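Residue numbers (full-length UniProt numbering), protein chains in the order written: chain A, 1 to 195; chain B, 1 to 195.
Think of the CB as a built atom: it goes at the ideal place given N, C-alpha and C, for glycine as much as any other residue.
Treat the numbers as computed from the prediction; the structure is a model and nothing was measured.
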DNA sequence: CAGCGCGGTTAGCGACCACTAACCGTCATC
DNA sequence: GATGACGGTTAGTGGTCGCTAACCGCGCTG
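Structure, rendered in structure tokens:
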């Protein structure tokens with residue numbers, strides 16, 4: 001067949017394969033619980049070959065977490081930019097985060113658990129991105145529920161992240177049901193609870 | 001002053017000191033990210049002295065997590081035993097878990113993140129205890145919101161755990177406000193969302 | 001006061017881990 | 001058809017980690 005003409009949805013590059021495998025392993029065993037050889041053999045190569053693609057193990061985690069944070073921030077900003085009204089925007093934001101969590105359970109887990117294993121510069125960068133993402137949520141929450149104080153909105157946003165990110169720890173429902181459940185609970189908690 | 005007559009609330013034993021320090025460290029750096037020497041120096045002794053109190057590093061984590069699971073299960077059972085009505089019982093359960101999470105952020109974090117670092121027998125034991133705790137929640141949820149299917153109730157329980165356990169990651173409010181916020185969000189999500 | 005258990009100490013051992021060194025086959029290009 | 005970038009390989013190295021060994025001072029108790 002003709003080369004490079006198939007409807008292949010972007011064959012993942014080796015770097016991406018490695019990051020995906022590493023994310024799975026980091027999520028299951030923790031950053032320090034995974035060896036360089038474990039990651040290598042998870043993608044069919046062995047051990048030090050990884051250093052053809054990454055400068056260090058720390059760099060893998062750093063790239064992984066900054067990528068996640070950028071995707072979240074970017075997606076959040078997009079939802080806000082196409083705002084139709086405060087309540088719809090909040091709904092879009094919730095649905096976006098729910099979809100991301102359901103589609104990337106390993107990444108969500110790593111971001112939640114392994115922030116402390118980043119190098120200092122990487123952690124600063126990721127923290128900054130995360131802060132901007134939270135600020136988006138704070139503004140949208142306060143637009144939808146105007147009586148909410150800013151610190152309360154921030155705490156509520158974190159609580160909703162916890163609710164949604166709990167996904168990886170429970171697989172009792174199928175994807176669609178889970179999405180509806182989490183979206184409903186998150187929106188109800190944000191808009192009907194006494195904040 | 002007279003020796004051993006003050007209102008000291010049970011001076012913590014050495015084992016307890018060690019477990020508390022280890023919990024803090026495990027929460028911050030992950031199980032494999034903490035060395036035996038780190039734990040030792042956190043309680044003022046150094047390194048291998050820990051082996052006078054625990055058989056291994058694994059045993060510390062094991063004892064820590066089984067203790068947490070037993071406290072939760074026990075507290076949950078107590079709340080159910082003194083039930084006055086479905087809604088009150090659910091409220092008691094939520095408030096109990098919120099209090100525990102706010103008072104023991106490190107323990108909650110360790111239980112969430114480091115279950116995978118337990119030895120197989122320890123993990124089985126902890127999992128069994130956790131399952132029983134979740135089943136308490138499932139029954140109470142279904143009593144308070146009778147239209148809820150069992151798998152949905154289980155997923156909702158996990159989601160609420162995620163919401164409440166998000167506490168350690170956000171300290172924007174003082175304890176009382178945080179307790180009210182989390183309790184309100186959890187109860188609203190459970191009883192007013194379309195489960 | 002001899003004996004001993006309790007809870008410390010330091011030194012060291014074997015395993016493992018992140019990473020480097022040195023080497024090699026496969027292409028694409030000139 | 002030589003060249004060199006690319007992405008692999010195996011062997012090895014320095015450092016760290018969990019744990020054991022050997023030793024020791026203190027406070028009970030018979």
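Going straight from the alpha carbon of residue 177 (chain B) to that of residue 168 (chain B), what length do you get? Position 177 of the second chain, counting from 1, holds the residue named residue 177 (chain B). Position 168 of the second chain, counting from 1, holds the residue named residue 168 (chain B). The straight-line gap from Cα to Cα measures roughly 15 Å.
Cα separation between residue 160 (chain B) and residue 48 (chain A)? As a working note, residue 160 (chain B) is residue 160 in the second chain. As a working note, residue 48 (chain A) is residue 48 in the first chain. Roughly 42 Å separates the two Cα atoms.
Outcome for residue 79 (chain B) when other beta-carbon atoms lying within 10 angstroms are tallied against a minimum of 16: Your numbering for residue 79 (chain B) matches position 79 in the second chain. Buried: at least 16 other Cβ atoms inside 10 Å.
If we define contact as Cβ-Cβ less than 8 Å, is residue 87 (chain B) a contact residue for chain A? One-based indexing of the second chain puts residue 87 (chain B) at position 87. No, residue 87 (chain B) lies away from the interface with chain A (no Cβ there is under 8 Å from its Cβ).
If we count Cβ pairs, one from each stretch, closer than 8 Å, do we get three or more for the stretch 22 to 35 of chain A versus the stretch 29 to 40 of chain B? Flag = yes, the stretch 22 to 35 of chain A and the stretch 29 to 40 of chain B touch.
State the Cα-Cα distance for the pair residue 73 (chain B) and residue 158 (chain A), rounded to the nearest angstrom. Indexing the second chain from 1 puts residue 73 (chain B) at position 73. Indexing the first chain from 1 puts residue 158 (chain A) at position 158. Going by the C-alpha atoms only, they are around 26 Å apart.
Three-state secondary structure assigned by DSSP to residue 166 (chain A): In the first chain, the residue the question calls residue 166 (chain A) occupies position 166. In this structure, residue 166 (chain A) counts as coil in the three-state DSSP scheme.
Looking at chain A, is there any beta carbon in it that lies within less than 8 Å of the beta carbon of residue 166 (chain B)? Position 166 of the second chain holds residue 166 (chain B). Answer yes: the Cβ-Cβ gap between residue 166 (chain B) and chain A drops below 8 Å somewhere.
Could you give the DSSP three-state label for residue 117 (chain A): helix, strand or coil? Translated into the one-based positions of the first chain, residue 117 (chain A) becomes position 117. Three-state DSSP puts residue 117 (chain A) in a helix.
At least three beta-carbon pairs within less than 8 Å, the stretch 21 to 30 of chain B to the stretch 107 to 119 of chain B: yes
CB contact check: residue 100 (chain B) to chain A, cutoff 8 Å: As a working mapping, residue 100 (chain B) is identified with position 100 in the second chain. So no, residue 100 (chain B) is outside the interface.
Contact check, residue 104 (chain A) vs residue 162 (chain B), beta carbons under 8 Å: Numbered from 1 along the first chain, position 104 holds the residue referred to as residue 104 (chain A). Numbered from 1 along the second chain, position 162 holds the residue referred to as residue 162 (chain B). Their beta carbons are not under 8 Å apart, which means residue 104 (chain A) does not touch residue 162 (chain B) by this criterion.
Chain A within 8 Å of residue 124 (chain B), Cβ atoms only: Residue numbering aside, residue 124 (chain B) sits at position 124 when the second chain is read from its first letter. Chain A contact via Cβ: absent.
Could you work out which residue in B:12, B:89 and B:126 is closest to residue 66 (chain B) when comparing CA atoms only? Here residue 66 (chain B) is taken as the residue at index 66 of the second chain, counted from 1. The residue with the shortest Cα to Cα distance from residue 66 (chain B) is B:126.
Alpha helix (DSSP H) runs contained entirely in the stretch 143 to 194 of chain B, provided each spans 4 or more residues: 150 to 165 and 175 to 192
Report yes if the C-beta distance between residue 183 (chain B) and residue 94 (chain B) is below 8 Å; otherwise report no. Here residue 183 (chain B) refers to the residue found at position 183 of the second chain. Here residue 94 (chain B) refers to the residue found at position 94 of the second chain. Yes; because the gap between Cβ atoms is below 8 Å, this pair is in contact.
List the whole-angstrom C-beta distance separating residue 190 (chain A) from residue 134 (chain A), where the pair is believed to meet the contact cut-off of C-beta under 8 Å. As a first step, residue 190 (chain A) must be located in the first chain, where it is residue number 190. As a first step, residue 134 (chain A) must be located in the first chain, where it is residue number 134. Going by Cβ atoms, the distance from residue 190 (chain A) to residue 134 (chain A) rounds to 14 Å, so no, they are not a contact pair.
Is the beta carbon of residue 87 (chain A) sitting closer than 8 Å to the one on residue 192 (chain B)? In the first chain, counting from the first residue as 1, residue 87 (chain A) sits at position 87. In the second chain, counting from the first residue as 1, residue 192 (chain B) sits at position 192. In this structure, residue 192 (chain B) does not lie closer than 8 Å to residue 87 (chain A) by Cβ.
Take residue 40 (chain B) as the anchor and find which of B:15, B:64 and B:62 has the nearest alpha-carbon. Working through the second chain from its first residue, we reach residue 40 (chain B) at position 40. The shortest Cα separation from residue 40 (chain B) among B:15, B:64 and B:62 belongs to B:15.
Same chain only: Cβ atoms within 6 Å of residue 140 (chain A), ignoring 5 sequence neighbours per side: In the first chain, residue 140 (chain A) corresponds to position 140, counting from 1. Around residue 140 (chain A): 89, 90 and 93.
Only counting the same chain, and skipping five residues up and downstream in sequence, which positions put a Cβ closer than 7 Å to that of residue 59 (chain B)? What you label residue 59 (chain B) is simply residue 59 of the second chain in a count that begins at 1. Annotation for residue 59 (chain B): no residue places its beta carbon closer than 7 Å to its own, counting only its chain and skipping 5 residues before and after.
Extent of the continuous alpha helix (DSSP H) to which residue 80 (chain A) belongs: The count along the first chain starts at 1 and reaches residue 80 (chain A) at position 80. That run of the alpha helix (DSSP H) goes 57 to 81.
Using three-state DSSP, classify residue 140 (chain A) as helix, strand or coil. Counted from its first residue, the first chain places residue 140 (chain A) at position 140. Residue 140 (chain A): helix per DSSP, three-state reduction.
So which residues on chain B does residue 147 (chain A) lean against when the C-beta distance must stay under 9 Å? Looking up residue 147 (chain A) in the first chain gives position 147. Result: empty, since nearest Cβ-Cβ is about 13 Å, beyond 9 Å.
Contact list for the stretch 10 to 29 of chain A against chain B, Cβ threshold 8 Å: 28 and 29
Would you call the CB atoms of residue 152 (chain A) and residue 173 (chain B) closer than 8 Å? Counting from 1 along the first chain, the entry for residue 152 (chain A) is found at position 152. Counting from 1 along the second chain, the entry for residue 173 (chain B) is found at position 173. Yes, Cβ-Cβ distance for residue 152 (chain A) and residue 173 (chain B) is below 8 Å.
Comparing the C-beta of residue 117 (chain A) with each C-beta of chain B, is any distance below 8 Å? One-based indexing of the first chain puts residue 117 (chain A) at position 117. Interface residue, yes.
Environment of residue 77 (chain B) [buried if 16+ CB atoms lie within 10 Å]: Here residue 77 (chain B) refers to the residue found at position 77 of the second chain. It counts as exposed.
Helix, strand or coil: how does DSSP classify residue 41 (chain B) here? Taking the second chain and counting its residues from 1, one reaches residue 41 (chain B) at position 41. In the structure shown, residue 41 (chain B) sits in a helix (DSSP, three-state: H, G or I).
Quick one: list the residues of chain B neighbouring residue 151 (chain A), beta-carbon separation under 7 Å, in chain order. Translated into positions along the first chain, residue 151 (chain A) becomes position 151. Residues of chain B with a Cβ closer than 7 Å to the Cβ of residue 151 (chain A) are, in chain order, 172 and 173.
Within 8 Å (strictly less), CB to CB, does residue 156 (chain A) reach chain B? Position 156 of the first chain, counted from the first residue, corresponds to residue 156 (chain A). Cβ-Cβ to chain B under 8 Å: yes for residue 156 (chain A).
Cutoff 8 Å; reference residue 18 (chain A); Cβ partners in own chain excluding five residues on either side: By 1-based counting over the first chain, the position of residue 18 (chain A) is 18. 39, 43, 50, 53, 54 and 60, listed in sequence order.
If we call anything under 8 Å between Cβ atoms a contact, is residue 21 (chain B) one with residue 64 (chain B)? Start at 1 with the first residue of the second chain, and residue 21 (chain B) comes out as number 21. Start at 1 with the first residue of the second chain, and residue 64 (chain B) comes out as number 64. No, the pair does not count as a contact, with Cβ atoms beyond the cut-off.
Please confirm if residue 128 (chain B) has its CB atom under 8 Å from at least one CB of chain A. Start at 1 with the first residue of the second chain, and residue 128 (chain B) comes out as number 128. So, not an interface residue.
Can you list the residues of chain A that residue 113 (chain B) reaches, using a CB-CB cut of under 7 Å? Your numbering for residue 113 (chain B) matches position 113 in the second chain. Residues of chain A passing the Cβ test: 113.
What is the DSSP secondary structure of residue 206 (chain A), counted as helix, strand or coil? This structure does not reach residue 206 (chain A), given that chain A is present from 1 up to 195, and the question cannot be answered.
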